[in-house]
Structure formats: C-alpha cells, structure tokens
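Trainee: Residue numbers (our numbering): 3 to 592.
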Amino acid sequence: MENDFRAWKEELLAKTDLAKVISRYVPLKRKGRTLWGCCPFHHETEPSFAVNEDKQFYHCFGCKESGNAITFIEKIESVDFIDAVKMLAAEAKMELPAFDKSKSADGGISREKRERLYALMRDAAKHYHDNLYGERGKLARDYLEARQVPQRLVTRFGFGASYDGEEIINFLLGKGYTRAEMKEAGLIEQKADRWYDVFYGRLMIPIINNFGEVVAFGGRLIDPGTHIPVKYRNSSNTPIFDKSRTLYAINLLKKKKQREPVNNVIITEGYMDVLALHKAGFDTAVASMGTALTYAQAKLIRNYSTNVYISYDGDSAGQTATLRGLDILREAGLNVRVVSLPDGLDPDDLIKQRGAEAYAQLLKEAQPLPAFKLNYLKNRFDLTAPDGKAAYAIEAMKVVKALENPVEIEEYMKIVHDATGYSMETLRKQADISAPEEKRASAFAPEEQPKPQTERRDKAELFVVASAAHGMPYVDYDEDVYPYLKSDVDREIYSRSAEKFRSGALPSVSALYSEYAPESVDEIVEYEFMQGDDEAKYRACVNRLKIEHLQGEIERLNDEYKATKDARLVPELGKMNAQLRGLKNGGSNE
3 MENDFRAWKE
13 ELLAKTDLAK
23 VISRYVPLKR
33 KGRTLWGCCP
43 FHHETEPSFA
53 VNEDKQFYHC
63 FGCKESGNAI
73 TFIEKIESVD
83 FIDAVKMLAA
93 EAKMELPAFD
103 KSKSADGGIS
113 REKRERLYAL
123 MRDAAKHYHD
133 NLYGERGKLA
143 RDYLEARQVP
153 QRLVTRFGFG
163 ASYDGEEIIN
173 FLLGKGYTRA
183 EMKEAGLIEQ
193 KADRWYDVFY
203 GRLMIPIINN
213 FGEVVAFGGR
223 LIDPGTHIPV
233 KYRNSSNTPI
243 FDKSRTLYAI
253 NLLKKKKQRE
263 PVNNVIITEG
273 YMDVLALHKA
283 GFDTAVASMG
293 TALTYAQAKL
303 IRNYSTNVYI
313 SYDGDSAGQT
323 ATLRGLDILR
333 EAGLNVRVVS
343 LPDGLDPDDL
353 IKQRGAEAYA
363 QLLKEAQPLP
373 AFKLNYLKNR
383 FDLTAPDGKA
393 AYAIEAMKVV
403 KALENPVEIE
413 EYMKIVHDAT
423 GYSMETLRKQ
433 ADISAPEEKR
443 ASAFAPEEQP
453 KPQTERRDKA
463 ELFVVASAAH
473 GMPYVDYDED
483 VYPYLKSDVD
493 REIYSRSAEK
503 FRSGALPSVS
513 ALYSEYAPES
523 VDEIVEYEFM
533 QGDDEAKYRA
543 CVNRLKIEHL
553 QGEIERLNDE
563 YKATKDARLV
573 PELGKMNAQL
583 RGLKNGGSNE
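#1: Is ALA368 helix, strand or coil when you go by DSSP?
#2: Using a Cβ-Cβ cut-off of 7 Å (strictly less than) and excluding sequence neighbours within five positions of PRO452, which residues of its own chain qualify?
#3: Quick one: Cα of PRO579 to Cα of ALA542, how far?
#4: Compute the beta-carbon to beta-carbon distance between THR270 and VAL264, rounded to the nearest angstrom, for a pair I have assumed lies under 8 Å.
#5: Quick check: what's the CA-CA separation for ARG261 versus THR248?
#6: For ARG332, collect the residues of the same chain with a Cβ closer than 8 Å to its Cβ; drop the 5 residues on either side in sequence, then sort them by chain order.
#7: Can ASP166 and TYR202 be called in contact, C-beta distance under 7 Å?
#8: In angstroms with no decimal places, state the Cα-to-Cα distance between ASP480 and LYS11.
#9: Report all residues from its chain with a CB closer than 8 Å to the CB of TYR145; omit the five preceding and five following residues, and keep chain order.
#10: In chain order, what residues of the same chain have a beta carbon less than 7 Å from the beta carbon of ASP94, not counting five sequence neighbours either side?
#11: Tell me the DSSP bridge mates of TRP637?
#12: Out of ALA387, PHE374, ASP389 and TYR361, which has the shortest C-alpha to C-alpha gap to VAL402?
#13: Please return the same chain residues whose Cβ sits closer than 6 Å to the Cβ of ILE207, not counting the five positions on each side in sequence.
#14: Jot down the residue ranges of each uninterrupted alpha helix (DSSP H) in the segment 460-502, minimum 4 residues, whole runs only, in chain order.
#15: Pull up the distance between the alpha-carbon of GLY390 and that of ARG430, whole angstroms please.
#16: Give the C-beta separation of ASN560 and LEU547 to the nearest angstrom, bearing in mind that I take them to be a contact with Cβ-Cβ under 8 Å.
#17: Skipping 5 residues on each side, what residues in its chain have a beta carbon closer than 7 Å to that of ILE411?
#18: Between the Cα of GLY178 and those of ALA121, LEU141 and ALA194, spot the shortest distance and give me the residue it belongs to.
#19: What residue does the beta strand (DSSP E) around LYS193 start on, and which one ends it?
#20: Kindly identify the DSSP beta-bridge partner or partners of MET206.
#21: At the 7 Å Cβ level, is HIS131 part of the contact set with chain C, yes or no?
#22: Use the C-beta contact count for GLU114: other C-beta atoms within 10 angstroms, 16 or more gives buried, fewer gives exposed.
#23: Based on DSSP bridge pairs, tell me the residues matched to GLY181.
#24: Within 10 angstroms of its Cβ, does LEU174 collect 16 or more other Cβ (buried), or is it exposed?
#25: In the DSSP assignment, the alpha helix (DSSP H) including ILE396 goes from what residue to what residue?
#26: Where does the unbroken beta strand (DSSP E) through ARG196 begin, and where does it stop?
#27: What residues match up with PHE613 in a beta bridge as DSSP calls it?
#28: Quick one: is ALA398 buried, meaning 16 or more other Cβ sit within 10 Å of its Cβ, or exposed?
#29: Between the beta-carbon of ALA300 and the beta-carbon of ILE330, is there less than 7 Å?
#30: Is it buried or exposed for TYR476, if we count other Cβ within 10 angstroms and need 16 for buried?
#31: Should the segment 125-140 be called in touch with the segment 38-48, which here means at least 3 C-beta pairs below 8 Å?
#32: Would you kindly report the start and end of the unbroken alpha helix (DSSP H) that includes ALA433?
#33: Secondary structure at ASN309, three-state DSSP: helix, strand or coil?
#34: Using beta-carbon positions only, say whether ALA358 and ALA282 come within less than 7 Å of one another.
#35: Among ASN407, TYR424 and TYR378, which has the Cα closest to the Cα of PRO388?
#36: Give every residue of the same chain whose Cβ lies closer than 6 Å to the Cβ of ALA500, excluding the five residues on either side of it in the sequence, and list them in chain order.
Structure below.
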C-alpha cells in the first residue's frame, strides 16, 4: 500500500507543472534554463528564488527553502501534506487513492457531495449577507452599529442576517438544492411537518476554513421575540465541518500570513472577542468557539506561528478552559503565554472599557505556561493553612517536574519555595528531582547533536547518490553499491532510485522532498553535473567507497584476530588485502 501511494504521488508530481503552480503566487522571470522570482517565504527585493523546470524543484538562495510542488503548497497555503496533495490532485484531475480516503477529515464523503455542500453554504452565506442590507436586516445592522463595527469588518467577516424561519429554505430551493442537503449542511431542522431555519432571528457569522470555504455558521440572537433566549447558536458537526479541527477566523490569519510574517497567534473563546481584537488592530486573533483546544487545532495554529497567546475570559471558568488547552499546545511544539484578564472581563469588555493600549500591555505581561499554572494553583489553596500549603506544594511540584530545562526547574522551584517556605531539598524529594550539581554536566556541557545529513555525507557518496537519483545514463543500477554507502538516507535513496529504474521509469529527484527533510536531500536535488567527465568520476567515486568499506572490514577483522588469535581469520584477511590492492591499482575488488 505504501508503494502504491508513492507511485501515485510521483504520478501527481509528474502531472503538476511546478512553474505554473508557483507563478500563481510569485511572478517568475526566465534567465537561461532557470526561472527566478522574489521568495514568497521571506521578504526580499532582489530575486533569489529559483525554479528548476527540468527537475521540478524550487530553491531559495536567501532563506534556503526548497522542495517540490507538494511542499510548496504546504508552505504557501499553510496546510498539511494530505491537504496539499488533495489540492494538487483536484487540479490534475486525479482521483485520490482509495487507501487515502480513510484519512480524510470530511468523513470520506465523495468529492461531488463535498463540493455540493460547499456551494450550498457559499450561496447561503451570500444570501444572509445580502439580507443584512435589506429592510428586514435592520435589527442586525443596529446590533453592529451599537458595537461600532466599521463596514470594512462587516465585509471582512461576512456578517449576515436571518430574519425568517422559511426564507432561506425558499431561496435555496430556488437555487436547486434540496431540503435534505440543507439539513445535512446543518442549516434547517424539521419540527412536526414544518421545516425551519435553525438560525432565524440572528446575526449570521460564517465560519470559514483555511481553504476559504464556508463550512458552518454561528448565530447571535438579535430578535428575542423569535426564540427561546439562547444568545448563541452554533452549527453542529456536519460532513464538511468538525469544530475540533478548525478555528474561527483561521481564513483571515491565512490571508495575513500571505501578506506578511505572522509573529504570534492570539486564541480567544468566542466570535465577538475575535471581532473586538481585529477592530483594535490585533488581527492574528482566532477563536476556539467555546470548546477545549484539540491537538488538530494546535497543529493548524503551528502552520502560522509557533508563538501563541491564550486570551480566555478572566473568570474561573475561563481559567479552567485555559488550563485544558495549555498542555495540548505545548505537546504540539508551541510556545505558550497566557494573557491574564481581570476577573469578569473578556477581551471585548476589556478593550471597550480600557482601550487597545491596555490589552497590548497585557500581552507584554503575559505569563509563560508554568508561571500561569503555579499562579492558578496558588489561588486555589489557602497557603496560610498547613494543609493548604502542603496541597499547593504537591500540585505545584508536579508542574515543575514536567519541565525539561534544568534552569527552568530551578527557577520555578524557587517560586514554590518562596510561596510555601519549604526547603529546596524538601521540594526536590517531593518531586523526585535531582539536585543541580548532579545534573551540571548535562545542563552546561555542550550536547552532542547528531550531525546534519549534509555534514555526514562525503563528496564521493554525494556524487554517487546524486547520479542515481537524477537517473544519469552512466549509472549501473544492477551494481551492488548499496553496502558501501555510509548513510541510511543515502542507502534508501539509492535503493529507491534503482527500483524506479528497474520498473522502466526514470528516478525523480523532486519526489525526494515528499519523503525526507529538505536538509537531507537539498545537496542531492540541486547537484550540478559537469557532463564531460561525469562517467569517469562516477567510477572513481564508487571505487573510493569500496576502498573505504574494505578498509573498515579489514580493521574490524584485525581487531577480532588480536582479541581471539583465531587462525581461521588469516586467509580471509589475506583475501581482503589482495582486493584492497587491486582497488587501489584501479582494478576490481573481485
């Protein structure tokens, strides 16, 4: 199945015109065999972004971003691998493999049904928006005017109005949709024999995903006479909407990232908090729509920035919701800070009462995750009572123990020590944490990091693997070069290239970017061949790799002989030394 998908993916890349895809985002100008433009991934005025049409890859000489059509769409559209593949497959008119449909976030519905529901929701959103400016949209307009929402934000967020239980049904029937489709999209329900708009009497708030599709609605009550007074009504999950996998205003965050770098993301609870923050100039705000944050949402946020501010309500319920999301965000690799709002205020209230400057100051004062947790616990326990102090210390040290950085552990232990008076040694015993001197070597000695692939790979190995990956005509794929390659990645690339060649197709270097980290394959993909003496160079490089491999084997057997004095090793050593002399003289190792 993995090989089937790899073959399908290579076909997708072969059918995709990389230059055409990139030119939709970046103006490209030809210079010789290469297309050049300003990099879309960092700000520059002189073009350093190169597109190689022959080999179907791009590379920026400024920020070092590189890849193929799939990695480009992932990066530019801030989507994951599966969504990037779906976008390119739709353009190439290729059906997704059957084994991939189970991974779809849309519940596995057919492309036709999904597109039909998207079109229905798009038409509904436009109609609700048009309603806003009609005679019966006055209540919704009055609500927005009372909140001093400027027209530019009304348009940006696509607000609308639903004022009648049947009006949207009749409109959509006239567009050719069925009641069954409207129900499936979450717009209508049936009571007795009557169908009705579940949102009527409300300001309509379209929820738009990161592809720009309307997938759901929120509704804010503006006509109490038409409903039981529940302030907000939200779409339930549908075949095109899962509230645990999207965020309100994620589409606006994506548009901002396409214009400029996004330094941080502010996560709030509700629609009106997002509206208030955007109005005040904090236009990286999104909302979790009242649910606890999920790992899928955290991954979505990570596409835009790794720096996150949590800005939930200042009441106890808001703080509890904040705690539920913190660990999820940290596990997704995000840097989390918590905005401490005054008790009883949400971001909307704070900005109304104290202005945007007050909120900006709270962002500056936002606490790192561990500090927020310790403060939260401190407010839960009575530290003047012995049992309260002990309970706080036990819970607080669980927070401290979860930290990985020894310096952070020490700093936050001091905070617990200052709050309780317990000695540092007692706190360490409680959490089973070693004293600093026991960890000094690991804390301050330089860590041994695995060297990047580009540093491990020697020049001979690079040339051999690059030649195989590019399908150069002088490569003998039947020759068993695999054992002589030092790197696991290089062995795998060589093996796959040989497998591709034997199947009757040429290897594709651009496909490597979908399998490996860019830093592992950049040198291979971008290798420039001299053409004239490449065949002789290839033979010399293979010969050198064989010599180095044989020298290593001889050294290993010599060590074994010294340790065991096993006479049976002597003939093998003699044979290997003869092979080594032959290789050094330009002969064979046979």
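The C-beta atom is built at its ideal place from N, Cα and C for all residues, glycine as well. Just so we're clear, the structure is a prediction, and the values are computed from it rather than from any experiment.
Mentor: With the given structure in hand:
#1: As a first step, residue 368 is located in the sequence shown; it is residue number 366 there, counting from the start. In this structure, ALA368 counts as coil in the three-state DSSP scheme.
#2: Residue mapping note: residue 452 aligns to position 450 of the sequence shown, counting from 1. Here the model assigns PRO452 a pLDDT of 40, short of 50, so the residue's position is not dependable, and the following value carries that caveat. Excluding residues within five positions, none has a Cβ falling inside 7 Å.
#3: Within the sequence shown, residue 579 is the residue found at index 577, counting from 1. Within the sequence shown, residue 542 is the residue found at index 540, counting from 1. As written in the sequence, residue 579 is Asn, which differs from the Pro given in the question. Using only the alpha carbons, I get a separation of about 19 Å.
#4: Here residue 270 is taken as the residue at index 268 of the sequence shown, counted from 1. Here residue 264 is taken as the residue at index 262 of the sequence shown, counted from 1. Incorrect: roughly 16 Å between the Cβ atoms, too far for contact.
#5: Residue 261 sits at position 259 when you count from the first residue of the sequence shown. Residue 248 sits at position 246 when you count from the first residue of the sequence shown. Near 21 Å, if we compare the C-alpha coordinates of THR248 and ARG261.
#6: Here residue 332 corresponds to residue number 330 of the sequence shown, with the count starting at 1. If we look at ARG332 and ignore the five residues flanking it on each side, its Cβ neighbours are VAL338 and LEU371.
#7: Within the sequence shown, numbered from 1, the residue matching residue 166 stands at position 164. Within the sequence shown, numbered from 1, the residue matching residue 202 stands at position 200. It is a contact, given that the beta carbons lie within the stated cut-off.
#8: What you label residue 480 is simply residue 478 of the sequence shown in a count that begins at 1. What you label residue 11 is simply residue 9 of the sequence shown in a count that begins at 1. A direct Cα-Cα distance of roughly 25 Å separates ASP480 from LYS11.
#9: Within the sequence shown, residue 145 is the residue found at index 143, counting from 1. Correct list, in chain order: LEU205, ARG222 and ILE224.
#10: In the sequence shown, counting from the first residue as 1, residue 94 sits at position 92. First, the residue type needs correcting, since residue 94 is Ala and not Asp in the sequence shown. Excluding its 5 nearest sequence neighbours in each direction, ALA94 has C-beta neighbours in its own chain below 7 Å: LEU14, LYS17 and THR18, listed in chain order.
#11: One cannot answer for residue 637 here, as it falls past the ends of the chain, which runs 3 to 592.
#12: Taking the sequence shown and counting its residues from 1, one reaches residue 402 at position 400. Nearest of ALA387, PHE374, ASP389 and TYR361 to VAL402, Cα basis: PHE374.
#13: Counting from 1 along the sequence shown, the entry for residue 207 is found at position 205. Excluding positions up to five away in sequence, the list reads GLY220 and TYR273.
#14: 461-471
#15: Sequence index remark: in the sequence shown, residue 390 carries index 388 (1-based). Sequence index remark: in the sequence shown, residue 430 carries index 428 (1-based). Cα to Cα, the separation comes out at about 19 Å.
#16: Translated into positions along the sequence shown, residue 560 becomes position 558. Translated into positions along the sequence shown, residue 547 becomes position 545. That pair is no contact at about 21 Å.
#17: Along the sequence shown, read from residue 1 onward, the residue named residue 411 stands at position 409. The residues are VAL402, LEU405 and ILE435.
#18: Along the sequence shown, one-based indexing puts residue 178 at 176. For GLY178, the nearest C-alpha among the options comes from ALA121.
#19: Walking along the sequence shown from the start, residue 193 turns up at place 191. 190-193 is the span of the beta strand (DSSP E), which, as asked, contains LYS193.
#20: Taking the sequence shown and counting its residues from 1, one reaches residue 206 at position 204. Partner(s): GLY162 and GLY221.
#21: Included in the structure is just one protein chain, with no chain C present.
#22: Reading the sequence shown from its first residue, position 112 is the one you call residue 114. By the 10 Å Cβ count, GLU114 comes out exposed.
#23: Your numbering for residue 181 matches position 179 in the sequence shown. Here residue 181 turns out to be Arg, not Gly, going by the sequence shown. For ARG181, which the question treats as bridged, DSSP gives no partner whatsoever.
#24: Against the sequence shown, residue 174 aligns to sequence position 172. Flag for LEU174 reads buried.
#25: The residue you call residue 396 lines up with position 394 of the sequence shown. Per DSSP, the unbroken alpha helix (DSSP H) holding ILE396 starts and ends at 388-403.
#26: Working through the sequence shown from its first residue, we reach residue 196 at position 194. First-last of the beta strand (DSSP E) with ARG196: 196-199.
#27: As displayed, the chain neither begins before 3 nor continues past 592, which places residue 613 out of reach and without an answer.
#28: Walking along the sequence shown from the start, residue 398 turns up at place 396. The residue is buried, with at least 16 neighbouring Cβ atoms inside 10 Å.
#29: Residue 300 sits at position 298 when you count from the first residue of the sequence shown. Residue 330 sits at position 328 when you count from the first residue of the sequence shown. The answer is yes: Cβ separation under 7 Å.
#30: For this step, residue 476 is matched to residue 474 along the sequence shown. In this structure TYR476 is exposed. Its beta-carbon is surrounded by fewer than 16 other beta-carbon atoms within 10 angstroms.
#31: no
#32: Here residue 433 corresponds to residue number 431 of the sequence shown, with the count starting at 1. From DSSP, the alpha helix (DSSP H) with ALA433 extends over 426-433.
#33: The sequence position of residue 309 within the sequence shown is 307, counting from 1. ASN309: strand per DSSP, three-state reduction.
#34: Position 356 of the sequence shown, counting from 1, holds the residue named residue 358. Position 280 of the sequence shown, counting from 1, holds the residue named residue 282. Yes, the Cβ-Cβ distance between ALA358 and ALA282 is below 7 Å.
#35: The residue given as residue 388 occupies position 386 in the sequence shown. When each option's Cα is compared against that of PRO388, the closest is TYR424.
#36: For the purposes of this step, residue 500 is taken as residue 498 along the sequence shown, with counting starting at 1. For ALA500, the CB contacts under 6 Å within the same chain, skipping 5 residues up- and downstream, are TYR479 in chain order.
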